[in-house]
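Participant: Provided herewith is a single structure, encoded as structure tokens, for subsequent inquiry.
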Amino acid sequence: MGWNIQLPDAEYYDLYSATLDGIVREVQDQKAVAIDTETDGLNIVECNPYYWSLSWTSENGRDRRLTLNANAFPAFKHIFSDYERNWVFVNAKFDAHMMENGKHPIKGKLIDVSVMHALLYEEEPHGLKDMARVHLGWKWTDFSDTFGKIRKGYCMCGGTYAAHKPKIDSKGNPIEGKYCKSTDCHCYMEATALEVLRRAEKDNHNLLVDYAANDAYGTWKLFHLMNKELAEAPTSSLYPDRWPYINTLYDYFYKTEVPFTRVLYACERNGIKVDKGYLQGIAPNIVKDMLELRKQMGELYGKPIIKVGGQWQTEYFINKCGIRPTKMTKGGASGIKKPSIDAKFLTYVAESFRGEDSSKMATLLLEHGAIAKQYSTYIQSMPGRLDGKDYVHMKLNQDVARTGRLSSSDPNMQNVTTGEKDRFHLRNAFICEKGEDMVVADYSQLEMRLLAAASQEPGMMEIFHRNWDIHMGNAAFVFNLPYDDIAAAKDIEKQVKKGKLPESAMTPYVWQCLKARADVKNIGFGLNYGMKERALAARMDCSVEEAVDKINQYMARYPAVRAFFDEAVEEVRDCGYAFTLMGRRRSLPDILAHKDYIRFRAERQASNMPIQGTAAETCKMAMINIYEDTELRTKYGYKMRLQVHDEILGTCPKEYTDIVKERIREWMEHPFPTDIGVPLLADIGSASSWGGAK
DNA sequence: ATACTGAGCGCG
DNA sequence: AAAGCGCGCTCAGTAT
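Those letters in the first sequence? Residues 56 to 749, by the numbering used here.
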């Protein structure tokens with residue numbers, strides 16, 4: 056097996072073990088224990104624990120490695136419900152869900168070794184087996200390699216949805232057998248994880264005990280290692296004058312990430328209610344639209360379109376119509392570069408070849424692209440993701456984004472279409488119960504505010520203190536225009552669009568004001584992403600020389616901003632890390648790379664990390680404060696449900712909406728125990744759906 | 001059959 | 001030669 060670790064004996068206990076009481080007492084005395092569950096699958100809504108394992112270090116220094124039957128849960132009830140206890144997991148939220156599904160929710164602190172590991176080794180995988188192999192030199196086989204494969208076809212309902220289909224025999228009749236219980240899913244289950252588990256417990260119980268105990272033991276060993284490494288990992292604030300509280304990543308982890316795990320668990324657990332009827336109502340129309348578009352494409356092409364995204368596109372536009380590609384793809388593993396047929400190319404074709412078939416085809420493809428993805432991602436797959444009360448429980452991943460942001464998956468609720476592109480009003484499908492309101496709160500210009508705070512640029516700070524629109528303010532300061540004129544220009548533009556003012560109201564001066572605002576907006580945006588003159592010129596629709604000129608003008612007005620970005624890159628060159636306000640760090644070794652494009656990318660990341668990362672922890676702190684404001688939860692019935700980077704979604708009973716909104720505003724605008732020097736502003740709305748609350 | 005990758009595109 | 005940050009999902013194509 057290649058084990059490079061001293062393994063304590065695996066112990067096994069169940070409800071009938073004579074010594075179970077002794078174990079309970081011993082666990083009760085521990086300050087922290089590692090815990091893991093063996094379940095019948097990976098779905099956080101439907102699956103349950105059947106075995107669980109514990110690991111800790113006894114007073115005599117002996118490591119313990121236990122597997123327990125789920126029937127022993129009740130003996131530990133008082134420990135599970137102890138709010139002060141420390142529980143150590145790998146992938147904490149998953150096991151916390153299993154424990155609650157098994158009717159024994161864990162109330163104590165959720166300490167996630169994956170999250171610890173992500174702070175130290177952001178580029179490495181954070182799974183238990185990977186971490187154990189790399190850091191402990193310890194390998195043990197996967198569950199399925201040990202006990203038999205869980206064959207494809209088993210419904211995981213959080214995994215590969217493509218597999219969720221009824222199994223059909225050669226005559227087209229559904230095959231008798233077990234099907235997933237999930238609503239409208241009905242995929243065929245060949246060998247459930249539960250059956251594999253049952254087989255293992257019958258045929259090879261000792262192996263099962265050994266296997267399960269390893270998971271908790273590995274977690275425990277890694278926990279100690281990561282604790283030590285976090286404590287030895289120096290860090291500091293991006294802004295030490297205002298944030299002197301952090302010396303090591305250990306501080307950062309326990310102050311911020313540990314409480315945050317609990318918040319995310321609550322969000323996942325709460326989920327978001329989906330208006331199934333609404334989706335079912337619009338689905339047939341969308342399918343009809345897609346089929347019609349496909350039919351028209353086939354007519355133009357001359358034969359039926361089997362795969363809309365297939366290679367026929369290249370053949371058609373490039374070979375048949377003779378249009379020169381505007382861009383080639385990267386080539387990938389094979390190195391074969393192909394013409395890029397993306398939205399940009401299609402838009403170009405649609406506009407440049409008006410009246411020709413190629414233009415019509417491009418228009419059809421653009422139209423199809425706009426709806427197909429939305430349909431498959433959010434409409435087709437949604438029924439199989441809903442629980443018995445029509446709630447979808449997305450995952451909110453704490454250990455993925457290098458900057459400290461969250462990511463969302465299964466489904467990804469952070470890229471649900473919005474604005475103009477939300478043509479089916481998908482956001483209206485995310486709703487709350489009758490008698491409740493959806494409370495949608497988002498930060499206004501968070502990253503620009505944090506840039507002003509971090510750079511301490513007086514001009515920019517002044518704009519926020521005056522409560523000006525940041526882009527209008529920047530335009531006024533950078534291009535020496537009166538703020539009121541820019542505000543007026545913006546208003547005139549709006550009126551003309553509505554038809555309330557004639558075109559002639561758009562005087563050259565109005566245009567100048569609007570262009571000034573658009574330019575500083577692009578520059579501010581571009582700065583954050585480390586854009587160079589060329590990309591900015593493209594965005595601002597001007598020559599590179601003009602772009603350089605405008606950037607220089609901007610920087611001349613805001614020298615502290617230039618200094619901030621220069622120093623951000625310089626700091627990474629000096630010490631290898633970029634920092635956030637609260638002391639999260641990101642390693643960027645490529646900052647010294649010889650190849651320009653690798654080094655430049657690291658420089659862009661170095662510029663972006665302090666701002667994006669600090670924005671992430673601003674929202675993170677607000678969420679922690681809101682969650683830990685127990686009145687909000689218990690007295691006013693607020694339930695947090697989702698975060699979309701600078702937006703926090705939740706629900707509450709209608710009677711408390713106003714008070715909840717004000718309380719949330721307070722926390723969002725004052726997320727830190729210290730004043731960062733720039734006011735933060737939150738826009739808060741409420742309605743009966745996500746879409747309505749904007 | 002199943003797994004992986006690149007391209008493309010949605011969001012902040 | 002490569003020049004816009006951070007994510008996740010779907011599809012098509014290819015590798016195993």
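Glycine included, C-beta positions come from ideal geometry on N, C-alpha and C.
On a predicted model such as this, the values are computed, not experimentally measured, just so you know.
1. How about D144 and I166: are their beta carbons less than 8 Å apart?
2. In chain order, what residues of the same chain lie with their CB nearer than 8 Å to the CB of Y584, ignoring the 5 residues before and after it?
3. Y683: which of M561, T316, T432 and E179 sits nearest, CA to CA?
4. Is the CB-CB distance between L348 and L252 below 8 Å?
5. Evaluate Q368 with the Cβ neighbour count: other Cβ atoms within 10 Å of its Cβ, from every protein chain shown; 16 or more gives buried, anything less gives exposed.
6. Beta-carbon separation of K148 and E312 under 8 Å?
7. Who pairs with E702 in a beta bridge, going by DSSP?
8. Restricting to Cα atoms, I'd like to know which of G705, D701, E672 and K385 is closest to L687.
9. Under the three-state reduction of DSSP, which class applies to F727: helix, strand or coil?
10. For A657, does the count of other Cβ atoms within 10 angstroms reach 16, so buried, or fall short, so exposed?
11. Is the separation between the beta-carbon of W298 and that of T673 shorter than 8 Å?
12. Straight-line CA distance for E178 to E284?
13. With 16 as the cutoff for other CB atoms within 10 Å, does S407 come out buried or exposed?
14. My output table needs one value for Y68: the three-state DSSP class, helix, strand or coil.
15. Using the DSSP secondary-structure output, state which residues sit across from T92 in a beta bridge.
16. Check the DSSP bridge columns for L451 and list the partner residues they point to.
17. Note down the Cα distance separating D498 from G364, rounded to an integer number of angstroms.
18. In terms of residues, what are the limits of the beta strand (DSSP E) holding L334?
19. For D137, report the span of its beta strand (DSSP E) as first-last.
20. With DSSP as the reference, please indicate the residues paired to Y632 in a beta bridge.
21. Do you know how far the Cα of A623 is from the Cα of T458?
22. Excluding the 5 residues flanking K393 on each side, which residues of the same chain have their C-beta closer than 7 Å to its C-beta?
23. For the alpha helix (DSSP H) that S662 lies in, which residues bound it at each end?
24. Going by other Cβ atoms of all chains shown within 10 Å of its Cβ, with 16 needed for buried, is Y433 buried or exposed?
25. Is K552 closer than 8 Å to L569 when the C-beta atoms are compared?
26. Leaving out the 5 sequence neighbours to the left and right, which residues in its chain are closer than 6 Å to L736 when beta-carbon positions are compared?
27. Return helix, strand or coil for D442, following the three-state DSSP convention.
28. Counting along the chain, where does the beta strand (DSSP E) carrying A748 start and finish?
29. F372 and I396 look like a contact to me (Cβ under 8 Å); what is the Cβ gap, rounded to whole Å?
30. What are the partner residues of D752, as DSSP defines its beta bridges?
31. I need the boundaries of the alpha helix (DSSP H) containing L319, first residue and last residue.
32. Leaving out five residues before and five after E411 in sequence, what residues of the same chain have Cβ atoms less than 8 Å from its Cβ?
33. Mind checking who L121 pairs with in its DSSP beta bridge?
34. Below 8 Å between beta carbons: does that hold for R482 and V471?
35. If you draw a straight line from the alpha carbon of M437 to that of M449, how long is it in whole angstroms?
36. Taking DSSP's pairing of strands, which residues face G740 in a bridge?
Facilitator: In short, the structure shows the following:
1. Here residue 144 turns out to be Phe, not Asp, going by the sequence shown. Yes; because the gap between Cβ atoms is below 8 Å, this pair is in contact.
2. The residues are R659, S662 and N663.
3. First, the amino acid is wrong: residue 683 is Glu here, not Tyr. E683 has its Cα closest to that of T316, out of M561, T316, T432 and E179.
4. no
5. Looking at its Cβ environment, which holds 16 or more other Cβ atoms inside 10 Å, Q368 is buried.
6. Against a cut-off of 8 Å, the Cβ pair of E312 and K148 comes out as no contact.
7. D497
8. The residue with the shortest Cα to Cα distance from L687 is G705.
9. coil
10. Around the beta carbon of A657, a 10 Å sphere encloses 16 or more other beta carbons of the protein chains shown; the residue is thus reported as buried.
11. no
12. 16 Å
13. By the neighbour-count rule (16 or more Cβ atoms within 10 Å), S407 is not buried but exposed.
14. strand
15. W107
16. Looking at the DSSP assignment, L451 forms a beta bridge with S463.
17. Here residue 498 turns out to be Tyr, not Asp, going by the sequence shown. Roughly 37 Å between the two C-alpha positions.
18. Per DSSP, L334 belongs to no beta strand (DSSP E); it is in the alpha helix (DSSP H), K331 to Y356.
19. Premise fails: D137 is in no beta strand (DSSP E) and is neither H nor E.
20. According to DSSP, Y632 bridges with S642.
21. 14 Å
22. T369, M383 and T384
23. Judged by DSSP secondary structure, S662 falls within the alpha helix (DSSP H) whose first and last residues are D651 to E683.
24. buried
25. At least 8 Å separates the beta-carbon of L569 from that of K552.
26. S499
27. In this structure, D442 counts as coil in the three-state DSSP scheme.
28. Careful: A748 lies outside any beta strand (DSSP E) and carries neither H nor E.
29. 6 Å between Cβ atoms; contact.
30. No statement about residue 752 is possible, as the shown extent of the chain runs from 56 to 749 and does not include it.
31. V313 to N325
32. C376
33. E66 and L109
34. Yes, these two residues count as a Cβ contact at 8 Å.
35. 11 Å
36. Partner(s): V495.
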